[in-house]
Amino acid sequence: MTGAAHEEPTSFLRKYVFSLDHKVIAKQYLFTAISMALVGGLLAYVMRMQLASPGQEVPGYGMVSPAGYNTLMTMHGTIMIFWVAMPLLLAALGNFLIPLMIGAGDMAFPRLNRLSYWTFLLSTVVLISSFFVPGGAAAGGWTTYPPLSGSAALSGGAWGVTLWILAVALEFAAFLMGGINFITTAVNMRAPGMKLFDMPLMVWMQVAASVIFLFSVGPLIAGAVMLLLDRTAGTGFYNPATGGDPILFQHLFWFFGHPEVYVILLPGFGVIAEILPVFSRKPIFGYRMIVYSTIITGILSFMVWAHHQFVAGIDPRLATPFSITTILISVPIAVTTFAFIATLWRGSIEFKTPMLFALGMLGVFLLGGVTGIHNGTPAVDIYVHDTYFVVAHFHYALIPPVFFSFLAAIYFWYPKMFGRMMNEVMGKLHFWLTITFVNVTFLPMFPLGLMGHQRRISNPNFFEALRTPEVERLHDIATIGAIGLLLSQIPFLINFVWSLFRGREAGPNPWRATTLEWATTSPPGHGNFEVAPRVYRGPYEYSVPGRDEDWLPQNVSG
Amino acid sequence: MLNWFPEAASSYAGDIDRLFVFITVVVGVFFLLAEAALVFFSLRYRRTEKRKAAYIPARTLRSMAWVLVPCAVILGFDLVIDAVAAPVWNEVKQTLPAADERVRIQGEQWAWRFTYPGPDGLFDTEDDFQLVNEMHVPLDAVVVFELTSKDVLHSLWVPALRLKQDAVPGRMIRGWFKATREGRYEVPCAEICGLGHTLMKAILVVEPPETYREWLRSKTQTAARAEVGHREEQG
């Protein structure tokens, strides 16, 4: 417990820049990642404009060359996964919530936490700088498969991929520090009386995601080091001419890459698990069942990676076993999703903005989930692999946790973070615009893929089969959707800033919620709790029979 | 939905398309039921003055059954999908029928190179001939290809045939198809392969056997003439 103790800082630099306070570090991650989300969104805007009107100048960017397009799509994917999804869902939400939810004063290792953020910021600087080096940023896809990424001669740029590897390595170092901190904090620093099965599901999900990340990241780091050596030292780990094998990298990448999906999804589920009970005034349906299905999901996530490689040239006999594990993962995910839906049953549901985003998350995620079965079936994957069908699928699977869960979380915990409420009218407008334009953007990509439209091409008009009015119309719709989606974030940004100064004072517990973060001031002071809380019960005791009030906080005795 | 697919032009395209439809129907039912429950519960149980929420923590297996039973049904359908899907994969990728025609395909930045064995039917002999970005095959014949790559990963992608296979440097991957419809089909590269990735495209010509033989003969003669010319130059 002593690890967390540190003096309250007085100077500006110590308080807001080189802070040890988990809440400040969470906000640093939050603002850095929101900035990166805008960068990633603008890259998507340029791509969508090019696809809707190939060869025409994109307002605010100019002409899109084939090389430029490759860079756009590579950096869009890289930024959205590593510099948006992970920092928002794990670093920002995990840092802010874990100590508060378990009644701790701070993280177990505050200095490691500070180092984690500064390493992350450095990784961001390295990544952004790669746009400006000779040859431009990495352009071989976010998966950076060798041999393309393995030599400057094949990929065009000498610096782009090298800086990409360096940036990702620094980023992973940051998240390793974060993950160790999350796990240690949740295991060792829970308030007296809080058993493991009294932890809010968000804490379970953060810990599970951290464990999955720690177990899966090693092989990718090994793979990346070999790739770096291939590029810089002339080794041939992935070069068949010198005894190497390009497919080795794919195994190492996806051994990390698929569990990574759950590293992102689980905290997204955690947000939903916190919000549904509050706004339906009901306990979560089957707390332990959700915990166990999460653990099973985590274990299974390590046994599915080769479903990314059905047609990559692996032994075809591997396909069906990997397909079985892949499709099997639908069961624990369905348990969690259905438990969320069952939580609504016979509740008393109030459609505040956080609840709308939580419900929207589930509604959108269902489509991403079921289309995973198509991709996970090897024979169907022969056709849909590397087409827009896959692009549609993973956006439907990832936008719910990254975008909807994150926004739900901001609307929900903003009062705790900043002490004021966000505006409900602007929030609702933001929700309805967002969910509309998400579907306008990504639904057309399913038929595009089924028409045989491959991913990662800069100009469909080069192909006779894609030079049709239908393809053009679907691209136009998707582009309108993407622009609409970007513009829809304006009310959010205005709301965010406006509420900082003009929002209604929140008070400690504006949502009448039961978990420990609501048992302290908003925002919590240094050290979080004036009186260390004691825990008497599980996290979701709403509408307990025989009580006047419909919520029974974890820290209230009796 | 099926009319989104390009018209099927290979012996196994129909199996893949039917599998797609089967999966869509199965998961579609679960998708619609789950969305319906989500929307219905949200509206039916919205907050009113009178109603208080029920206290249902679902701590017992009995109450969890509301979730676990539907999930068991999903598990059952998962296994059905696995069972239905495995034979199709097996047919397309795990078996190699006897070849009527053989061709070597090489991906390179940024073209497809096709090598035919020539009249003797053997590769690496003098009568082999090569084509860039153009491939001819006879209708209704089993074509066995040997796919390689010269430089980076590429992916041989013929939407009309429902054929996709990555080309990997250092590996020779055998595969097959039987084209069942005459026509000219585009063969893009489906794996990002550098600057010219978008522009990498070949044309596959599926023609009646007689036309194909004629084409083969003309190609062989050209190849032979070129060979003779080459020798004369050297002599």
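Residue numbers (the working numbering), protein chains in the order written: chain R, 1 to 558; chain G, 1001 to 1235.
The beta carbon of each residue, even a glycine, is placed where N, CA and C say it ideally should be.
Values in this document were obtained by computation on a predicted structure and should not be read as measured data.
Between residue i and residue j, is the Cβ-Cβ spacing less than 9 Å?
i         : j         : result
Ala1053/G : Phe338/R  : no
Glu1186/G : Val1137/G : no
Pro200/R  : Thr515/R  : yes
Ile183/R  : Leu214/R  : yes
Ile329/R  : Val370/R  : no
Val39/R   : Ile180/R  : no
Phe109/R  : Met177/R  : yes
Ala44/R   : Pro401/R  : no
Val568/R  : Ile399/R  : Given a span of 1 to 558 for chain R in the structure shown, any question on residue 568/R remains unanswerable.
Met590/R  : Ala478/R  : Residue 590/R lies beyond the residue range present for chain R, which begins at 1 and ends at 558; the question has no answer from this structure.
Asn375/R  : Phe389/R  : yes
Pro321/R  : Ala1085/G : no
Lys1150/G : Gly1194/G : no
Phe253/R  : Gly218/R  : no
Ile1016/G : Arg1162/G : yes
Pro1097/G : Val1168/G : no
Thr336/R  : Ile382/R  : no
Ile373/R  : Ile1081/G : yes
Asn528/R  : Ala104/R  : yes
Phe279/R  : Ile341/R  : no
Ile435/R  : Gly363/R  : yes
Ile81/R   : Glu260/R  : yes
Ser567/R  : Arg288/R  : Residue numbering for chain R in the displayed model covers 1 to 558; residue 567/R lies beyond these limits and cannot be assessed.
Thr604/R  : Met107/R  : For chain R, the structure presents residues 1 to 558; residue 604/R sits outside this window and is missing.
Which residues mark the beginning and the end of the beta strand (DSSP E) in which residue i is found?
i         : result
Arg1184/G : 1183-1188
Ala1202/G : 1201-1207
Using DSSP's beta-bridge definition, name the partner residues of residue i.
i         : result
Asp1166/G : Ser1155/G
Arg420/R  : Glu505/R
Arg961/G  : This structure does not reach residue 961/G, given that chain G is present from 1001 up to 1235, and the question cannot be answered.
Glu1146/G : Arg1104/G, Arg1174/G
Trp551/R  : Tyr542/R
Ala1179/G : Ser1010/G
Gln454/R  : Thr387/R
Val535/R  : Paired residues: none, contrary to the question.
Val335/R  : Answer is none; Val335/R lacks a bridge partner.
Gly62/R   : Val58/R
Residue range of the alpha helix (DSSP H) that residue i falls in?
i         : result
Gly368/R  : 353-376
Met1135/G : Element bounds for Met1135/G: not the alpha helix (DSSP H) but the beta strand (DSSP E), 1134-1138.
Arg14/R   : Looking at the DSSP string, Arg14/R is not in any alpha helix (DSSP H), and its letter there is neither H nor E.
Gln206/R  : 201-232
Ser1063/G : 1061-1089
Val46/R   : 22-52
Met177/R  : 160-188
Arg1018/G : 1013-1044
Ile349/R  : Segment: none, Ile349/R is in no alpha helix (DSSP H) and carries neither H nor E.
Ile327/R  : 319-328
Thr297/R  : 287-300
Ala153/R  : 152-155
*For the region 230-243 of chain R, which residues have a CB atom closer than 7 Å to at least one CB atom of chain G, in sequence order?*
Pro240
_Which residues of the region 460-491 of chain R have a Cβ closer than 7 Å to any Cβ of chain G? Give them in chain order._
Phe462, Phe463, Glu464, Ala465
*Would you mind listing the alpha helix (DSSP H) stretches within the region 239-282 of chain R that are 4+ residues and don't spill past its ends, in chain order?*
246-280
_Which residues of the region 128-153 of chain R have a Cβ closer than 7 Å to any Cβ of chain G? Give them in chain order._
Gly140, Gly141, Tyr145, Pro147, Leu148
*Taking Cβ-Cβ distances below 9 Å as the criterion, which residues of the region 1185-1214 of chain G are in contact with chain R?*
Tyr1185, Glu1186, Pro1188, Cys1189, Ala1190, Glu1191, Ile1192, Cys1193, Gly1194, Leu1195, Gly1196, His1197, Thr1198, Leu1199, Lys1201
*Which residue spans inside the region 486-527 of chain R form an unbroken alpha helix (DSSP H) run of at least 4?*
489-502
*Can you list, in chain order, the residues of the region 1170-1183 of chain G whose Cβ is nearer than 8 Å to any Cβ on chain R?*
Gly1170, Arg1171, Ile1173
*Interface positions of the region 357-373 of chain R facing chain A (Cβ-Cβ less than 7 Å), listed along the chain*: In the structure shown, chain A does not exist; the protein chains are R and G.
*Quick one: which residues of the region 53-72 of chain R get their C-beta closer than 8 Å to a C-beta of chain G? List them in chain order.*
Pro66, Ala67, Tyr69, Asn70
_Under 8 Å (Cβ pairs) to chain R, residues found in the region 1042-1067 of chain G_ = Ser1042, Tyr1045, Arg1046, Arg1047, Thr1048, Arg1051, Lys1052, Ala1053, Ala1054, Tyr1055, Ile1056, Pro1057, Ala1058, Arg1059, Ser1063, Met1064, Trp1066, Val1067
_Minimum length 4: unbroken alpha helix (DSSP H) runs contained in the region 382-420 of chain R_ = 388-399, 406-418
_I'd like the ranges of any alpha helix (DSSP H) spanning at least 4 consecutive residues and lying wholly in the region 69-142 of chain R._
93-101, 110-129
*Can you list, in chain order, the residues of the region 529-554 of chain R whose Cβ is nearer than 9 Å to any Cβ on chain G?*
Gly538, Tyr540, Glu541, Tyr542, Ser543, Val544, Pro545, Asp550
*the region 1015-1034 of chain G: which residues have C-beta closer than 9 Å to a C-beta of chain R, in chain order?*
Asp1015, Ile1016, Asp1017, Leu1019, Phe1020, Ile1023, Thr1024, Val1026, Val1027, Gly1028, Phe1030, Phe1031, Ala1034
*the region 1095-1120 of chain G: positions lying closer than 9 Å to chain R by Cβ*: Gln1109
*Any residues in the region 343-356 of chain R with a beta carbon nearer than 8 Å to a beta carbon of chain G? Which ones, in chain order?*
Leu344, Trp345, Arg346, Gly347, Ser348, Ile349, Glu350, Phe351
*Residues from the region 1070-1084 of chain G in contact with chain R, defined by Cβ distance under 7 Å*: Pro1070, Cys1071, Ile1074, Leu1075, Asp1078, Ile1081, Asp1082
_Residues in the region 373-388 of chain R having any Cβ partner in chain G nearer than 7 Å_ = Ile373, His374, Thr377, Pro378, Ala379, Val380, Ile382, Tyr383, His385, Asp386
*asked:* Counting only Cβ-Cβ distances shorter than 7 Å, please list the residues of the region 385-410 of chain R near chain G, keeping chain order.
replied: His385, Asp386
*the region 77-99 of chain R: positions lying closer than 9 Å to chain G by Cβ*: none
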